[in-house]
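Notes follow the structure.
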Amino acid sequence: MSDNKWMVGFRRRSGVGVIIEYFYLVDGVADSAEARRAAAQMAEFESEPAGRRGGELDVQLVQVQRVISGLLGHVSLSAPVADRMAMPSACSVMSPAGVA
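So the sequence shown is numbered by the numbering used here: it starts at 48 and just counts up by one.
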């Protein structure tokens with residue numbers, strides 16, 4: 048387990064076409080790719096019970112930043128992390144085995 052913390056932002060289009068940004072804090076993952084996957088799973092899980100099916104997550108425009116805690120308790124964010132690998136759609140991450 049890692050003590051890394053990440054803030055991951057996704058965009059989703061609402062039912063009336065407005066773009067809304069959602070941000071998720073992810074704790075205990077090793078790198079930005081794992082943070083993206085975990086946040087995508089949280090975003091899909093969070094939207095289903097509430098019936099918020101306005102649109103798919105825009106996984107092409109994802110903002111990932113490391114949460115940095117200073118010695119005196121000051122919290123800041125790193126610059127956005129460069130995207131080194133493409134992420135599968137959030138739906139394929141959540142799909143049961145054998146279903147795309």
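Even for Gly, the Cβ is constructed at its ideal location relative to N, Cα and C.
This one's a predicted model, so the numbers in the text were calculated from it and none came from an experiment.
Neighbour-count burial assignment, residue i, 16 or more Cβ in a 10 Å radius
i    : result
L118 : exposed
S79  : buried
A147 : Low confidence applies here, because A147 scores a pLDDT of 39, under 50, leaving its location unreliable; read the following figure in that light. Per the 10 Å Cβ criterion, exposed.
V122 : exposed
V73  : buried
Three-way DSSP call (helix, strand, coil) for residue i in this model
i    : result
S142 : In this predicted model, S142 has a pLDDT of only 37, less than 50, meaning its place in the structure is not dependable; the value taken from the coordinates is given anyway. S142 falls in the coil class under three-state DSSP.
E103 : coil
S116 : strand
S125 : coil
Given residue i as reference, the closest of the options once Cα atoms are compared
i   : options             : result
A90 : D78, V109, G75, V76 : V109
V63 : G120, E81, G102     : G102
Cβ shell of residue i (< 8 Å), same chain only, five flanking positions each side left out
i    : result
L124 : M54, Q112, R113, V114, I115
Cut-off 6 Å between Cβ atoms - residues of its own chain near residue i, not counting five sequence neighbours on either side
i    : result
D105 : R58
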